[in-house]
Amino acid sequence: MSSLWPRIEPLLARVEKPARYIGMERGSRQPVHRPDAVAWLLVYPDTYEIGLPNQGLQILYEILNERRDAVAERSYAPWLDLEGEMREASVPFFSVDTHRPAADFDIVAFNLSAELVYTNLLNCLDLAGIPVRAEARDDESPIVLAGGHCAFNPEPLADFVDAFVIGDGEEPVGEITEVVNAWKRGGRVGGREAVLHDLATIPGVYVPSMYEVEYDGAFIRAVTPRYADVPAIVDKRTVADLADWPYPKQQLVPLIEVVHDRLNVEIFRGCTRGCRFCQAGMITRPVRERPAGQVRSMVESGLQRTGYDEVALTSLSSADYSGIDTLVGDLINEQSGCGNVGLSLPSLRVDAFTVGVASQIQKVRRTGLTFAPEGGSWRIRQVINKLITEEDLYTAVDAAFSQGWRRVKLYFLVGLPTEMDEDTLGIAELARQVVKVGRKHTKQASCTVSVGGFVPKPHTPFQWFGQNGSQELQRKIWLLRDDLKRTQAKVKWHDPEATFVEGLASRGDRRIGRVIERVWRAGGTFQEWSEHFRLDRWSEAMAAEGLDPDWYVTRHRTQDEILPWDHIAAGLHKDFLWQDWQAALAEHGLPDCRWTPCYDCGVCTDYALEHIVASPVPPAGGSQGTGQDLSHGHTVPVELVERRPSAVTEEATVPS
Amino acid sequence: MRGERGFPLRVKFSKHGKVRFVGHRDVARAFERAFRIVSLPIGFTQGFSPRPRVSFGLALSVGHESDAEYLDVELAEPIDADVSQLLTDALPEGIAVVGTAALADRAPALQEAVTAVEWEIEVTGADGSAPASLAVARLVATAMAEPSLRITRTRKGREAVEDIRPAVRRLEVLGATEHGVRLGVEVSTHPVSVRPGELLAALGGDLTGWRVLRTGQWIERGGARLEPLAADPRSAVEARAS
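Protein sequences, first through last, are from chains G and A.
Add 69 to a position in the first sequence, counting from 1, and you land on the number used in the working numbering.
Add 1255 to a position in the second sequence, counting from 1, and you land on the number used in the working numbering.
Pasting the structure below:
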């Protein structure tokens, strides 16, 4: 059987947004499947609108389809309406490119960008007719893979995923293809166990079934490979030079509106700002910049090919790109004949230089600008190592309002280590000051405060920290909300109960797998969608498995504890992370290692890698943690101080 | 004098196959991208958020196909070459530009100008079974003999009963198909219009449109029945002035 389309078509007439399931985007492929090519189905286990723009999935889709020994198609989690129709009509999970059943592929590979999609992964497998538990699959079942940031703690999904790819996927997907192809063409000698064993010897590939986990009560005593040639610790894979991987070359252009609906060009990978809460920054080191010439040509050819009128230069902190102002200037000047092409820089740093770059690119539509100070006081920002001074923030905001922006959005975390109510109320104070600064320029000035509950993540200095419970998070959010009542600042927040479950999945061990399975069986899919999330499903599943949620979520870990992800390495030495955790507790900030001596976190030295940064000097403009005097982080510009308390404020004027 | 808004171009396109599941607004966005891909010199609106000056004709429901859709686009400068093939290559598979025509300045807008629409509707039973041609023919004959055909419409949250019979100009059985029975339909768009689904509901018999295809749109004016590409051509005088 090849295409299920004739059976899918009648179902689409009855569902919302049927174009989610038709494929046919510009840049998409309808590959011809061949016995000598390994067939990959790349799945983003959330809706099409969220999954389609995922750059990781698009990059692998192209790389695999360029190979002679592989074909790749895509799929996304069907929304509940279509899922119901599919189950009723016995139509299995299918690819959107040629509408082939998922079970007909050799490999079904999931992108894991967020923990709350875990139940969707199980649902996609079940809908495909693939046994949900890895142990129940036979030689004919597809090999189930997963990659993405969540794979850095694979254990909660160890029961369901045959193999995880840790780190950058560009290189290992080829090696996996070769192993699976050899096994297939050799008559599947040794069965599934043999191919999984071979996969486990590929650097960066973790096969959970090749490891025994021993417990000591609730704690892990040891994780041991079952074979001598399976590594005790799986090291992440890292693409040494982004210039060798100018992907996607043919970014997909969706037929319906999706998130980040624009041309996206990755300008660098990795970040060494060292924000201690940020898993992405920790696990993607070192910094690897794409050469400016390559960025320019990817932008030019991308716009011409896609017809998009907006391009985003993406990274974890785009204003940190060496010579970002020159790059932006060049791009704007080169855009002749393209009409009104907009440029955007997601993940902006907080300072006046950044606002200058933003104003260079956003000539029109200056409505909203977003900054992420993350912490409400200078003290807590040193704890989390987000070294934004009050002065940085107010000068950035002043520059933004003076140049025509009317709305500033600020992102904060609550539930951070050492946090006290004065830190939470500091968020309100910052928001009030921001409105005040804005009012000097426009009566329409407004400020939105977006608050997320902090979830400690594996491979960060905060991996030992006991997360705030959902009631404590809610209390802090309400404290903040009440303090900002009757002001021009609006507060938005995430559901603390969903944050709690995210914490459970983030730092869970293999035993959490059964909990995920129970929640899925009880109908708990699309858990990151607030209308489908219910905490009681998770509480009931934990109780049924005899597990204590607080032991997993709110408990502080000790230095000697074996963490469930200790056999997965992001390159960061555990000693370095522990020292950084102690530095956090001592409220001690750590400048960016791109422009200061190496702290020996372990990544560059152990993996023989280097930062690839075009400029040896830090970016201009009072940027955080690059050698500026950190003793004045809390100083408020003089005109914002209600009653001038004399001497201290003398040096605190806004630099113009 | 040259039109203040530039040089209007009418584009006729078809929409067939899987792409019929893409809605009107998203088709509009696909055209905007296609115009940029082929570097068509589009005119833009003034102001803080310049938008391309494109106006679409009657909307086509999600799931319906068409041989004859139209849009008008204002160009900043006239073009000589036929861009149909270039646009088709830049558009999603299943959407094809079948013709273009330079329009007179201030030609009436499509939404107002189009007065009649033709459809071919392949109907099945609600359960997907094929109904007998004769049974469908009887329903059609009964409906066409009625002085009025009342349906319930929801407008602004309020239910209202409306008579669609005056809008139905032609309704006939064209023959049996693999899946059901094909109907030929022509309806007017003013003052009352009727959608294919509403027409089937009014027929009774629990019929579903398995394939709904718009086959033509017409501009009727001063006794003439004009294909929209031919309705308001740019005159030689205008062309010379440009």
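Ideal Cβ placement from N, Cα and C applies to all residues, glycine included.
Every value quoted in this text rests on a predicted model; they were computed, and no experiment measured them.
Thr1470 of chain A sits away from Thr1370 of chain A, with the two beta carbons spaced by 7 Å or more. Residues of the region 361-376 of chain G with a C-beta atom less than 9 Å from some C-beta of chain A are Leu372, Gln373, Arg374, Thr375, Gly376, listed in chain order.
Taking the C-beta atoms as reference points, Thr375 of chain G is found nearer than 7 Å to Leu332 of chain G. Here the alpha carbon of Ala1289 of chain A sits roughly 36 Å from the alpha carbon of Leu190 of chain G.
Close to Ile1292 of chain A, with beta-carbon spacing below 8 Å, are these residues of chain G in chain order: Gln373, Arg374, Thr375, Gly376. In the three-state DSSP reduction, Val397 of chain G falls in the helix class (H, G or I). The straight-line gap separating the alpha-carbon atoms of Glu224 of chain G and Gly582 of chain G is approximately 8 Å.
Phe1268 of chain A is outside the set of residues whose beta carbon lies under 7 Å from a beta carbon in chain G. Taking the CA atoms as reference points, Val242 of chain G sits about 11 Å from Phe233 of chain G. Sequence-distant partners of Asp675 of chain G (beyond 5 residues in either direction) whose C-beta falls short of 7 Å from its own C-beta, in its chain, are Gly640. Against chain G, the beta carbon of Phe1276 of chain A has neighbours under 7 Å at Leu81, Pro87, Ala88, Ile91, listed in chain order.
Counting only residues of its own chain and dropping the five nearest sequence neighbours on each side, Arg89 of chain G has a CB closer than 6 Å to the CB of Tyr117. Residue-level contact check: Pro1347 of chain A touches chain G, since one or more beta carbons of chain G fall below 7 Å from its beta carbon.
Sorting G:His218, G:Glu135, G:Glu154 by C-alpha distance to the C-alpha of Ile77 of chain G places G:Glu154 at the top. Ranked by Cα distance from Trp109 of chain G, the first of G:Thr188, G:Arg544, G:Glu131 is G:Glu131. For Val1372 of chain A, the closest alpha carbon among the candidates A:Pro1296, A:Leu1315, A:Asp1337 is that of A:Leu1315.
With a threshold of 7 Å between beta carbons, Arg1288 of chain A makes contact with chain G.
At a cut-off of 7 Å between beta carbons, Leu548 of chain G makes no contact with chain A. In summary, the residues of the region 1307-1337 of chain A whose CB is separated from some CB of chain G by less than 9 Å are Pro1307, Val1317, Gly1318, in the order they occur in the chain.
Under the DSSP assignment, Gly243 of chain G falls in the alpha helix (DSSP H) whose first and last residues are 241-254.
Inclusion of Val506 of chain G and Leu479 of chain G in the CB contact set at 7 Å is not warranted, their separation being larger than that value. Asp394 of chain G and Val426 of chain G have their C-alpha atoms roughly 6 Å apart.
By the rule that beta-carbons nearer than 7 Å mark a contact, Asp1281 of chain A touches chain G.
Taking 7 Å as the cut-off between beta carbons, none of the residues of the region 1406-1425 of chain A comes near chain G.
Here DSSP, grouped into helix, strand and coil, assigns Asn454 of chain G to coil.
For a Cβ distance threshold of 9 Å, residue set Val1274, Phe1276, Val1277, Asp1281, Val1282, Arg1284, Ala1285, Pro1347 of chain A lies close to Leu324 of chain G, ordered along the chain. The beta-carbon distance between Thr423 of chain G and Ala465 of chain G, rounded to whole angstroms, is 7 Å. This is short enough to meet the 8 Å contact definition. Taking C-alpha positions only, Tyr621 of chain G is separated from Ile585 of chain G by approximately 14 Å. In the three-state reduction of the DSSP assignment, Trp607 of chain G falls in the helix class. In this chain, the beta strand (DSSP E) harbouring Gln1472 of chain A covers 1462-1476. The alpha-carbon separation between Ala1400 of chain A and Arg83 of chain G amounts to approximately 32 Å. Taking a contact as a CB-CB distance under 8 Å, the pair Asp649 of chain G and Arg345 of chain G counts as one, their CB atoms being some 6 Å apart. Going by DSSP, Pro1263 of chain A is part of the beta strand (DSSP E) stretching over 1262-1270. Scanning G:Lys86, G:Arg501, G:Gly96, G:Arg295 for the CA closest to the CA of Cys516 of chain G turns up G:Arg501. For a Cβ distance threshold of 8 Å, residue set Pro79 of chain G lies close to Gly1383 of chain A, ordered along the chain. Taking Arg338 of chain G as reference, the option from G:Asp617, G:Arg357, G:Pro323, G:Ala558 with the minimal CA-CA separation is G:Arg357.
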